[in-house]
Amino acid sequence: MQAMNFFAGLLLLMMPEENAFWTLVGIIDDYFNGYYTEEMIESQVDQLVFEELMRERFPKLGCLISSHLDYLGVQVTWLSAPWFFSIFINILPWESVLRIWDVILFEGNRVMLFRTALALIELYGPALVTTKDAGDAITLLQSLIGSTFDSSQLVLTSCMGFLSVTNAKLYELSEKYRPDVLLIVEERTKIGRQVWKDSKGLASKLYNFRHDHESLMEERKSAKDSVDGDASKLEPRSLYLEELLSSLNADSEVDSLPDLQERVGWMKVELFRLLEEKRAAVLRAEELETALVELVKEDNRRELSAKIEELEQKVADLHQGLADKKEQEAAVHKVLMQLEQEQLITKDARKHAEQDAAEERNAVIVLQVLIK
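For the sequence shown, full-length UniProt numbering gives the first residue as 1, with consecutive numbering after it.
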């Protein structure tokens, strides 16, 4: 399903590929089990639950929205289903999506999905009932991606304004609507099998018609070229063609039964949903590309900041080493000065000692002369 691609894309922006895969598996199994299956039973149940919550929470506005959308030929599920399938990834601004995910993962259930959807109905419901056609309604809700409302305020309104929406209440409403959804899925499966059988029989008849038509054209050409113009060979083929056309007309009458109208209605719903998902996918792809570029720029800035911090640390270490070396040089210089000072003192003392010794020798010599 396309919505799951957005889901996986967001996880890939947050973590490595393998971690994103296992996180995707865990979240789908624990939070959205039955959402992305072939029948999408849980998602259909949630849409019915959301419609009842909307009518209960907004008695007047909810009925007005439902009536206006019916007038436009649009179902509420056509608008709200993409919200639930993509978990608002292709609906709300990036920051708001992450805030909503935080609450969902923290609470461990889907309650925040319903609260946020109700908050959006409260914000954009009055504008929705003023739309003139289905295109305007879809455009209005898709413009939420470019909105600049406060994500913190949205989360606060969702959590505090709709406290009556609890997990127990969702479970109660889900049990109420699940049997109806299962019955519809079963009937749709039977219709699909019957359509396949009818289409198989019709394909066989069309193949036989084409084969016999080619044979008939060859025979007509041969008959035209022949001299006698014998047309007796064409009569059985013509009778068969008339019988085949009558059979095809009978099949057309069968296909025009009321169940065909139901199939057509369902196919219109699916087509509208796929077109809306495609349009949303294009918008979200552009946003994801922008977000990826921003993340790359952020990674580059972080890497550059880390390198700058590393260089600053090296410079600080060099300054510290230089200061220590200067300190050591100053200590060595001080020691050398002290040694030099001591050498001068020692030299002066030796000089004085030599002078005293010379004087003593002179005195001894004078005494010796006097004694003689």
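Backbone N, C-alpha and C define an ideal beta-carbon position, used for all residues, glycine too.
The structure presented is a predicted model; accordingly, all values stated were derived computationally and were not measured.
Does DSSP put residue 120 in a helix, a strand or coil?
helix
Which of helix, strand or coil does DSSP assign to residue 133?
coil
Have a look at residue 58 and residue 117 and give me their C-alpha separation to the nearest angstrom.
13 Å
Would you call the CB atoms of residue 84 and residue 100 closer than 8 Å?
no
Per-residue DSSP class, three states only, for residue 150
coil
Rounded to whole angstroms, what's the CA-CA distance from residue 48 to residue 301? Just pull it up for me.
47 Å
Please list, in chain order, all residues of the same chain as residue 232 whose beta carbon is under 6 Å from its beta carbon, the five residues on each side excluded.
Residue confidence for residue 232 is low, a pLDDT of 49 falling below 50, so the modelled location carries little weight; the figure read from the coordinates is stated next. Contacts found: none.
Which whole-angstrom value describes the C-beta separation of residue 53 and residue 114, a residue pair presumed to lie in contact below a C-beta threshold of 8 Å?
With a Cβ gap of about 6 Å, residue 53 and residue 114 count as contacting.
Quick one: what does DSSP say residue 37 is sitting in, helix, strand or coil?
coil
Measure the alpha-carbon distance for residue 184 versus residue 124 and round it to whole angstroms.
31 Å
Specify, as a first and last residue, the run of the alpha helix (DSSP H) that residue 26 falls within.
17-31
Output the distance between the C-alpha atoms of residue 336 and residue 329, rounded to the nearest integer angstrom.
10 Å
Using C-beta distances below 7 Å, list every residue in its chain close to residue 316, excluding the 5 sequence neighbours before and after it, in chain order.
none
Boundaries (first-last residue) of the alpha helix (DSSP H) holding residue 87
Counting along the chain, residue 87 falls outside any alpha helix (DSSP H), and DSSP gives it neither H nor E.
I'd like to know whether the C-beta atoms of residue 110 and residue 177 end up nearer to each other than 8 Å.
no
Which of helix, strand or coil DSSP assigns to residue 164:
coil
Rounded separation between residue 16 and residue 103 - CA only:
23 Å
For residue 41, which residues in the same chain have their Cβ closer than 8 Å to its Cβ, ignoring the five residues on either side in sequence?
34, 178, 181, 182 and 185.
Do residue 276 and residue 78 count as a contact pair if the criterion is CB distance below 8 Å?
yes
Do you know how far the Cα of residue 43 is from the Cα of residue 81?
8 Å
Indicate whether the contact test is met: 3 or more Cβ pairs, each with one atom in the region 284-303 and one in the region 15-29, closer than 8 Å.
no
Could you check the C-alpha separation between residue 138 and residue 296 for me, to the nearest Å?
When rounded, the separation of the alpha-carbon atoms in residue 138 and residue 296 is 32 Å.
Taking the alpha-carbon positions, what's the residue 119 to residue 313 distance?
Taking the straight line joining both Cα atoms gives about 50 Å.
Distance check for residue 321 and residue 351, CA to CA, integer angstroms please.
Straight-line spacing of the CA atoms in residue 351 and residue 321 works out to 44 Å.
Exposed or buried, residue 354, counting other C-beta atoms within 10 Å across all chains shown (16 or more means buried)?
Burial call: exposed.
State the CB to CB distance for the pair residue 96 and residue 154, rounded to an integer number of angstroms; the pair is presumed to be in contact (CB under 8 Å).
6 Å
Secondary structure of residue 110, DSSP reduced to three states
coil
Mind checking residue 224: buried by the 16 CB within 10 Å criterion, or exposed?
A caution first: residue 224 carries a pLDDT of 49, below 50, which makes its placement in the model unreliable, though a value can still be read off. Per the 10 Å Cβ criterion, exposed.
8 Å Cβ cutoff met for residue 283 and residue 13:
no
Could you tell me which of 340, 366, 358 and 70 sits nearest to residue 131, measuring between CA atoms?
70
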